[in-house]
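Reading through the C-alpha cells given below for one structure.
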Amino acid sequence: MKSINLLKPDAESLWDKLDHYYRIVKATVLVFQSPTTGLFPTKTCNENPRAKIHDSLYCAACVWVLALAYRRIDDDKGRTHELEHSAIKCMRGILFCYMRQADKVQQYKQDPKPSKCLHSVFNVHTGDEVFSHEEYGHLQINAVSLFLLYLVEMISSGLQIIYNTDEVSFIQNLVFCVERAYRVPDFGMWERGSKYNNGSTELHSSSVGLAKAALEAINGFNLFGNQGCSWSVIFVDLDAHNRNRQTLCSLLPRESRSHNTDAALLPCISYPAFAVDDEALYSQTIDKIVRKLKGKYGFKRFLRDGYRTALEDKNRQYYKPAEIKLFDGIECEFPLFFIFMMIDGLFRGHPEQVKEYQDLLDPLLQQSTEGYPVVPKYYHVPADFVELEKKNPGSQKRFPSNHGRDGKFFLLGQSLYIIAKLLVDGLVSIKDIDPVKRFIPPQDQRNISMRYSNQGPLENDLVVHVALIAESQRLQVFLNTYGIQTQTPQQVEPIQIWPQQELVKAYFHLGINGKLGLSGRPDRPIGCLGTSKIYRILGKTVVCYPIIFDLSDFYMSQDVMMLIDDIKNALQFIKQYWKMHGRPLFLVLIREDNIRGSRFNPILDMLASFKKGVVGGVKVRVDRLQTLISGAVVEQLDFLRIGDTEEPPEFKSFEELELPKHSKVKRQTSTPNATELEQQPDINHTDWKNKPIHEILQKLNDCSCVATQIILLSILLKREGPNFITKEGTVSDHIERIYRKAGSKKFWSVVRFAASLLCKLVDSLAPSITNVLVQGKQVTLGAFGQEEEIISNPLSPGAIKDIIYNKCNLQDEREAVLQQELVIHIGWIISNSPELFNGMLKIRVGWIVHAMKYELKIRAGEMPPVDLYQLSPSEQCLSPVLGFASEVVFSRFGLVAEILMSSENRQIPPLTGPAPIYSLPSDLVCPAQENGAGKKVSGLGKEWDFAVSFPCHAHQAHLSHTITPTKSCPQNQ
Numbered sequence: 017m018k019s020i021n022l023l024k025p026d027a028e029s030l031w032d033k034l035d036h037y038y039r040i041v042k043a044t045v046l047v048f049q050s051p052t053t054g055l056f057p058t059k060t061c062n063e064n065p066r067a068k069i070h071d072s073l074y075c076a077a078c079v080w081v082l083a084l085a086y087r088r089i090d091d092d093k094g095r096t097h098e099l100e101h102s103a104i105k106c107m108r109g110i111l112f113c114y115m116r117q118a119d120k121v122q123q124y125k126q127d128p129k130p131s132k133c134l135h136s137v138f139n140v141h142t143g144d145e146v147f148s149h150e151e152y153g154h155l156q157i158n159a160v161s162l163f164l165l166y167l168v169e170m171i172s173s174g175l176q177i178i179y180n181t182d183e184v185s186f187i188q189n190l191v192f193c194v195e196r197a198y199r200v201p202d203f204g205m206w207e208r209g210s211k212y213n214n215g216s217t218e219l220h221s222s223s224v225g226l227a228k229a230a231l232e233a234i235n236g237f238n239l240f241g242n243q244g245c246s247w248s249v250i251f252v253d254l255d256a257h258n259r260n261r262q263t264l265c266s267l268l269p270r271e272s273r274s275h276n277t278d279a280a281l282l283p284c285i286s287y288p289a290f291a292v293d294d295e296a297l298y299s300q301t302i303d304k305i306v307r308k309l310k311g312k313y314g315f316k317r318f319l320r321d322g323y324r325t326a327l328e329d330k331n332r333q334y335y336k337p338a339e340i341k342l343f344d345g346i347e348c349e350f351p352l353f354f355i356f357m358m359i360d361g362l363f364r365g366h367p368e369q370v371k372e373y374q375d376l377l378d379p380l381l382q383q384s385t386e387g388y389p390v391v392p393k394y395y396h397v398p399a400d401f402v403e404l405e406k407k408n409p410g411s412q413k414r415f416p417s418n419h420g421r422d423g424k425f426f427l428l429g430q431s432l433y434i435i436a437k438l439l440v441d442g443l444v445s446i447k448d449i450d451p452v453k454r455f456i457p458p459q460d461q462r463n464i465s466m467r468y469s470n471q472g473p474l475e476n477d478l479v480v481h482v483a484l485i486a487e488s489q490r491l492q493v494f495l496n497t498y499g500i501q502t503q504t505p506q507q508v509e510p511i512q513i514w515p516q517q518e519l520v521k522a523y524f525h526l527g528i529n530g531k532l533g534l535s536g537r538p539d540r541p542i543g544c545l546g547t548s549k550i551y552r553i554l555g556k557t558v559v560c561y562p563i564i565f566d567l568s569d570f571y572m573s574q575d576v577m578m579l580i581d582d583i584k585n586a587l588q589f590i591k592q593y594w595k596m597h598g599r600p601l602f603l604v605l606i607r608e609d610n611i612r613g614s615r616f617n618p619i620l621d622m623l624a625s626f627k628k629g630v631v632g633g634v635k636v637r638v639d640r641l642q643t644l645i646s647g648a649v650v651e652q653l654d655f656l657r658i659g660d661t662e663e664p665p666e667f668k669s670f671e672e673l674e675l676p677k678h679s680k681v682k683r684q685t686s687t688p689n690a691t692e693l694e695q696q697p698d699i700n701h702t703d704w705k706n707k708p709i710h711e712i713l714q715k716l717n718d719c720s721c722v723a724t725q726i727i728l729l730s731i732l733l734k735r736e737g738p739n740f741i742t743k744e745g746t747v748s749d750h751i752e753r754i755y756r757k758a759g760s761k762k763f764w765s766v767v768r769f770a771a772s773l774l775c776k777l778v779d780s781l782a783p784s785i786t787n788v789l790v791q792g793k794q795v796t797l798g799a800f801g802q803e804e805e806i807i808s809n810p811l812s813p814g815a816i817k818d819i820i821y822n823k824c825n826l827q828d829e830r831e832a833v834l835q836q837e838l839v840i841h842i843g844w845i846i847s848n849s850p851e852l853f854n855g856m857l858k859i860r861v862g863w864i865v866h867a868m869k870y871e872l873k874i875r876a877g878e879m880p881p882v883d884l885y886q887l888s889p890s891e892q893c894l895s896p897v898l899g900f901a902s903e904v905v906f907s908r909f910g911l912v913a914e915i916l917m918s919s920e921n922r923q924i925p926p927l928t929g930p931a932p933i934y935s936l937p938s939d940l941v942c943p944a945q946e947n948g949a950g951k952k953v954s955g956l957g958k959e960w961d962f963a964v965s966f967p968c969h970a971h972q973a974h975l976s977h978t979i980t981p982t983k984s985c986p987q988n989q
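For what it's worth, the working numbering labels the leading residue of the sequence shown as 17, then goes sequentially.
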C-alpha cells in the first residue's frame, strides 16, 4: 500500500476542489449509506451489517460539512440538496430507531439502568435491535448527547430535521435522560465500561462532558428552526446542567475511576463538544493525553487497552482479572486521533499543531482501489513481534488494519479525515461547521446567539436581587420595628408565590406524549438557579422560593443556623453560575418559627446584612418584588396549552397565615425547660412493642409527650401499616403531624425518629455521594458492626433510599436519617476542601456515627453523655485541636468535621511519626503488633486491620485507609 497525498495545484478552481472531495465522499462514505434507514454500517464488508449510532453521526457530519462547502457555489448541480438530505436521512434514521424504543426512554427516566437504556447498535437496514443488554454495553450517554449536539448544529445551519410535535416531545425526553449524566455510570465511548473490561460501568468524563455540551447547545433551542414557535422549544434544567459541569471539572483530567486518561476525551474537550470552559483544565487534560497516549502511528485509546492486540482472546466478551497486564506496551495505535488533533489546532488557531499532525498522518494513510485516501482504523503489533516490543517499547514496526482492501473502510476515521481536509484547504470555515459557536471561549460568548433562553457569562460583578417575604402581617409588623422591610404574599398580588414542588407539577406537562407513552418531566426538584427566574404559566406571573425554605423537604432546613448557612451558600452558588441575561431573583421566605427562641439574633443579623447589600461576600439588592421583576429573567411555560375541553391543572400558591391583627409574635418560648422534658419519653419501646392494640391507642390518646407518641406510632406502623386509623387520622398522617410539631419545637431526636419512619430522603443526597466519588473516594453506608454497602459508582436517589432504609436503621431507626445528614456534610466539605481528604480511600459513614457517639461519651466524662440524636444538625462541638483547619468547614459542621480531621488526641504508635486517625474511636487506638502493611488493633471484642500510608514527611504521617474487619478483607485493605 502506498501512502497518499492530496495536495492540489494552486490554480485549481473551487468547483474542482469540491468535486474532488465529493467523489471521495461518494466512493468511501455515501456508497455505504442504507437506502432505507439512512444509517451507516460499522463494518462495510459484512453481509449482515450493524450500525453504531456514534459512527453514523460522524458520517452524517462529514456529508453535512461537504454540503456547507457547496453552498459557496451558485450552480452546484444539485449536490448541496443531495448532501444535505443525505445527512438529514441519517439523522432521521437515528431518530426513527430511537423512537421505536420510546418505552425504554420512559423506563430510563424513572430508573437509569443499563438494562433500561436506548440501544446504541441497530440493524443498518431495518433499525431493529441487534444485541440484548446482556450481550452488549448499550448504555452510552456520549452517543445520545452527540446526537442532540449535531441535531442542534445542523438545524442551526438551516436543515429541517424535526417535523412534528411528537418528535419535539421525544427530543425533550432525550434531554431529560441526558440531564442526569452526572450520576449515571455508563460504558463510555469504547463500550467497555471499566478499563478492566469486566462488564461494570463507570462515570466517564467524556460522557459527562458531551452531555454538558449537548445541554448547553439545546437549551432554549427551537427544533423547527426559523419556522418554529413556542411549543417547539426545548427546555433544560439549569441546575442539572450545572451539576454536570461540576462533575466534569472534578473528574478531569481523568477519564474515569479506572482510566487515568483516555483518547475519548479529545472529542469532549475539543471538536465537536468543546465542553471545558477552563483553559487551564483543558491544557492539563490534553497535555496528559498527548504525553501518555501519543505514538508514532496514532494515539492509544488508553493504557493497557487490549482491543485488537495479538494477545486478546476474541472469543470472550470480558477479560479475566488482571488480564490487561498482558497488553501493557502493545496497545494498538489509532491514526483517528491525529485527525482530532488537526481539527483542534484549526479551531484554536495553532497552525504548527495542524502541520505537525498532518505530517504524522500522511504516511499512515492507505489507498483504495480507486485511488482515494483511506484512514486505517488502527496499527497493531503482530504476534511474532509482541515480546520484542515489550522488551524494547517502540522498536517494532506496526502494521495497519486491512481497511482499504476488499471494500473495508473505517467510516468514522474516513469522515473525520474529510472534515479535517475541508478545513485545512479552506473550503469550509470553523464557523461553518459550528454554527452555534461552541468553540468560542466562554468570556466571548455573550450576545452571540439569540436563542430563546440564551446563556452567556456576565462581564460585570453580579448583583442578586432579593425579595423578603414574611408569612404573616404580624411578622411583617414585628420585623418592621427592627427596620427590616418585608412583603406578605397578599401584598405582592397579582404575582403568585409558589413552592418549587408546584413548579415541578407544571413541568410534568413538558414533553408528555400519550402516543409514545411518555409521561413528561420526571419528578425532580427545581434547584436554586431554576427558582431564580420568573415564570409565566397559564396567564399568571409566578415566582418560586428555593427548596431550602420548603417545610415538606428534609428537616435540616428547620434548623435556623443551617438555614442561614444554606441561604449564604445558595447566593454564592447563584453568583458563580448564573449565566442568563437578566438578574437572578432570590426569594427569602421568613416564617414566624424562624425567630422564636435563641435563633432570633442570627436571623436578625442575616436580615441586616441583606439591608447593607452584602451577604457572605455576595452583592445583593433588596427591594419590593414588583420593582425587581422588571430586571429578572422571564420563562414562558407555553407547553401548558389547555384546550377548551381540558381541565386546567390546579396549582397551590403559598398562602399568607391568617392571624389576629393585634396579636404579637413571641420571640422566646415561655417554658425554656419544656424542651428537655418533652423530649424524654415516659415509656420504653421494648415494654410496649407486644402490648394489645387497644392499650397502645389508649396511651396514644392520653399522652401529650411527642417523644412517647412517636414510639407508640412506630409500633403501630410496623404492626398495622401506614393506613391504620387512629384518633387523628392514619398512622402516617399522625407521624407527619408530629414531624412538623417536633420540627417547630426543635425536638431533634423526635424529628429524626419521625423522618426515619416516613422514609424521608434529603434532596441532594445523590449529588453529594457523586461529589465524594468523583474525588476518587468510596462511600460505605450501614450501621457500625453490621454489613455495609460499598458505593463505588453514582446511584439514583431510589437506589440510595433502599440502601439507607435497609442497612442503616438496624440498630436505631434514627440513624437512617443521621447518615443522610453526614453524607450531605461530607459532600460539601470534599467539594470545597478536597485536600482535607488526601490519603483517604473509603469514607465509612456508619463508623463516623460511632466515632461521634464515642466522642460525646469522652467529653461527658463521668456525667451522662449527650444523646447524639438530640443535637441539632448545626450543633458545634469544637475544640482547640481544630485551629489548623478551614474556618468555614467547621463553622458549618462542627463535630462531623472534627471527627474527620482531628489529629492531636487520636494517635497510634507510628512507624515514623504521629498519624492522625480519621473516623477512629479512641478506644480502638492502642499499641499492638505490626501486621504486614498495617497495624492490628484490638477493640470491641474484634480485631481490625488497617493499612497506614506514611509519606516521607519529617514529623507526620497520614492514615490513608479506613479500618476494616480482618475476616472480611484480609489483604485488599
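For glycine and all other residues, C-beta sits at the position ideal for the given N, C-alpha and C.
With R414 and V390 assumed to form a contact (beta carbons below 8 Å), what rounded beta-carbon distance in angstroms separates them?
Rounded, the Cβ-Cβ distance is 17 Å, inconsistent with contact.
Which first and last residues belong to the alpha helix (DSSP H) in which E871 is found?
Note, E871: alpha helix (DSSP H), V861 to A876.
Considering just the uninterrupted stretch of the beta strand (DSSP E) at Y551, what are its terminal residues?
Segment I550 to I553, the beta strand (DSSP E) holding Y551.
Near R637, which residues of its chain fall below 6 Å by C-beta distance, leaving aside the five closest residues on each side in sequence?
So the list reads V479 and H481, once near-sequence residues are dropped.
Can you list the beta strand (DSSP E) stretches of 3 or more residues lying completely in the segment 505-568, in chain order?
Whole beta strand (DSSP E) segments, 3+ residues: 512-515, 550-553 and 556-561.
When you compare the CB positions of A486 and C544, do they come within less than 8 Å of one another, or not?
In this structure, C544 does not lie closer than 8 Å to A486 by Cβ.
Does K951 come out as helix, strand or coil in the three-state DSSP assignment?
Only weak support is given to the placement of K951: the predicted model assigns it a pLDDT of 33, under 50, and the value that follows is read from those uncertain coordinates. Reduced to three states, the DSSP call for K951 is strand.
Tell me, please, whether the segment 637-650 touches the segment 781-797 by the rule of three or more beta-carbon pairs shorter than 8 Å.
Contact fails: fewer than three Cβ-Cβ distances are below 8 Å.
Applying the criterion that 16 or more other CB atoms from any shown protein chain within 10 Å of the CB defines a buried residue, is C245 buried or exposed?
It is exposed - the Cβ of C245 has fewer than 16 other Cβ atoms within 10 Å.
Quick check: the Cα distance between D735 and V747, rounded to an integer number of angstroms?
According to the sequence displayed, residue 735 carries Arg and not Asp. Taking the straight line joining both Cα atoms gives about 11 Å.
Looking at the secondary structure, which residues open and close the beta strand (DSSP E) in which E651 lies?
Element bounds for E651: V650 to Q652.
What number of angstroms, rounded off, separates the C-alpha of P562 from the C-alpha of S573?
Using only the alpha carbons, I get a separation of about 11 Å.
Hey, could you find the ends of the alpha helix (DSSP H) V833 is sitting in?
Per DSSP, V833 belongs to the alpha helix (DSSP H) from E831 to N848.
Under the three-state reduction of DSSP, which class applies to D278: helix, strand or coil?
Coil, per DSSP.
Just to confirm before moving on: does the CB-CB distance between L656 and A522 stay below 8 Å?
Yes.
Does the beta-carbon of A624 have 16 or more other beta-carbons within 10 angstroms, so that it is buried, or is it exposed?
The residue is exposed, with fewer than 16 neighbouring Cβ atoms inside 10 Å.
How big is the Cα-Cα spacing for Y755 and I513?
Distance between the alpha carbons of Y755 and I513 is about 25 Å.
Under a Cβ-count criterion, where at least 16 other Cβ atoms within 10 Å of its own Cβ denotes burial, should Q300 be classed as buried or exposed?
Answer is exposed; the Cβ neighbour count stays below 16.
Just verifying my parser: in three-state terms, what is the DSSP assignment at G215?
In this structure, G215 counts as coil in the three-state DSSP scheme.
Just how far apart, CA to CA, sit C106 and Q176?
Cα-Cα distance, rounded: 13 Å.
Within the segment 740-788, note down every full alpha helix (DSSP H) run reaching 4 residues or more, in order along the chain.
Runs of the alpha helix (DSSP H) inside the segment 740-788: 747-761 and 764-773.
By DSSP, does F186 sit in helix, in strand, or in coil?
Residue state, collapsed to three classes: helix.
Around the Cβ of D569, are there at least 16 other Cβ atoms within 10 angstroms (buried) or fewer (exposed)?
It counts as buried.
So for N822, helix, strand or coil by DSSP?
Helix, per DSSP.
Using the C-alpha atoms, what's the distance from L82 back to H97?
Looking at the two C-alpha atoms, the distance is approximately 11 Å.
Can you tell which of L281, H525 and K330 has the C-alpha that lies nearest to the C-alpha of H306?
Note that residue 306 corresponds to Val in the displayed sequence, not to His. Selected option, being the one with the closest Cα: L281.
Of all the options K762, N235 and V631, which has the alpha carbon lying nearest to the alpha carbon of P889?
Here the closest residue by C-alpha is K762.
Under 8 Å, do L352 and G387 count as touching if we go by C-beta distance?
It is not a contact, given that the beta carbons lie outside the stated cut-off.
Figure out for me which residue from K595, V121, Y334 and F356 has the closest Cα to the Cα of A648.
The residue with the shortest Cα to Cα distance from A648 is K595.
Per the DSSP calculation, Q795 is bridged to which residue(s)?
The sequence shown places Val at residue 795, not Gln. Paired residue(s): I807 and I859.
Do the segment 290-300 and the segment 316-330 meet, that is, are 3 or more Cβ pairs less than 8 Å apart?
Too few Cβ pairs lie closer than 8 Å, so no.
Consult DSSP for L478 and reduce its assignment to one of helix, strand or coil.
In this structure, L478 counts as coil in the three-state DSSP scheme.
May I ask you to report which of helix, strand or coil DSSP gives Q382?
In this structure, Q382 counts as strand in the three-state DSSP scheme.
Determine the direct distance from the alpha carbon of K336 to that of V402, and round the result to whole angstroms.
Spanning the two alpha carbons is a distance of roughly 20 Å.
In terms of alpha-carbon separation, which member of N617, E674, L601 and G632 lies closest to I645?
Answer by Cα proximity: L601.
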